[in-house]
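Student: What follows is a single structure, and I will ask about it in a moment.
Residue numbers (the numbering used here): 13 to 157.
Below, the structure is given as structure tokens:
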């Protein structure tokens, strides 16, 4: 094999290796926020985000005031309304208060966990009738000590 041909093959393999590394890093960066956000949801509000939550839709807000600290997570789920409601109903158990309001165009379920206003978890789940995307808001209020 000629010297120039060897250099060509070496350069080709080097470029292929760099390309594979870049693609691997891009994939890792794209997926990692979802796994970190799952942990934040569990730690912050006490329930996990739905497994089909869309990572780019996650918005986390928090604040303090009047002796209370609050944390809210908003996100969309790439799943129909009823399975999402079932997922959260199973996560909170039997002590939750559940209210459901359906109209011609909108489905909405509110799950309230905790009778003490100093420590409450609210889960608001909504979707358009027949929709494949569901919107979820997880919020927790905790009294300051």
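The beta-carbon is built from N, C-alpha and C at its ideal position, and this holds for glycine as well.
By a C-beta neighbour count over all protein chains shown, 10 Å radius and 16 as the cutoff for buried, is residue 152 buried or exposed?
Tutor: The residue is buried, with at least 16 neighbouring Cβ atoms inside 10 Å.
Student: Rounding to the nearest angstrom, what Cα-Cα distance links residue 39 and residue 61 in this structure?
Tutor: Model confidence at residue 39 stands at a pLDDT of 49, short of 50, so the residue's coordinates are unreliable and nothing is read from them.
Student: Report back the beta-carbon spacing between residue 108 and residue 124 to the nearest angstrom; my notes put them in contact at under 8 Å.
Tutor: Sure, about 6 Å apart at Cβ, within 8 Å.
Student: Between residue 121 and residue 145, which are expected to be in contact by the criterion C-beta below 8 Å, what is the C-beta distance as a whole number of angstroms?
Tutor: At roughly 15 Å, the Cβ-Cβ gap does not stay under 8 Å, so residue 121 and residue 145 are not in contact.
Student: Assign residue 139 to buried or exposed, taking buried as 16 or more other Cβ atoms, counted over all protein chains shown, within 10 Å of its Cβ.
Tutor: Counting Cβ neighbours within 10 Å, residue 139 comes out buried, since at least 16 surround it.
Student: Does the beta-carbon distance from residue 80 to residue 156 come in below 8 Å?
Tutor: Yes, these two residues count as a Cβ contact at 8 Å.
Student: Answer with buried or exposed for residue 141, where buried requires no fewer than 16 other C-beta atoms within 10 angstroms of its C-beta.
Tutor: Counting Cβ neighbours within 10 Å, residue 141 comes out exposed, since fewer than 16 surround it.
Student: Ordered along the chain, which non-local residues of its own chain (more than five positions away) have a Cβ less than 6 Å from that of residue 97?
Tutor: Cβ neighbours of residue 97 beyond the five flanking positions: 121, 137.
Student: From residue 143 to residue 106, what distance separates their C-alpha atoms?
Tutor: So the alpha carbons of these two residues sit roughly 28 Å apart.
Student: So, using beta-carbon positions, are residue 59 and residue 83 closer together than 8 Å?
Tutor: Not a contact, by the Cβ cut-off of 8 Å.
Student: Could you pull out every residue in the same chain whose Cβ sits closer than 8 Å to the Cβ of residue 104, ignoring the five residues on either side in sequence?
Tutor: Here the set comprises 59, 123, 125, 133, 135.
Student: Residue 119 and residue 93 look like a contact to me (Cβ under 8 Å); what is the Cβ gap, rounded to whole Å?
Tutor: At roughly 5 Å, the Cβ-Cβ gap stays under 8 Å, so residue 119 and residue 93 are in contact.
Student: From residue 130 to residue 112, what does the alpha carbon distance come to, in whole angstroms?
Tutor: Each residue's Cα considered, the two are about 24 Å apart.
Student: Whole angstroms is fine: what's the gap from residue 68's alpha carbon to residue 110's?
Tutor: The alpha-carbon atoms of residue 68 and residue 110 are separated by roughly 28 Å.
Student: In whole angstroms, what is the alpha-carbon distance linking residue 91 and residue 72?
Tutor: Distance between the alpha carbons of residue 91 and residue 72 is about 21 Å.
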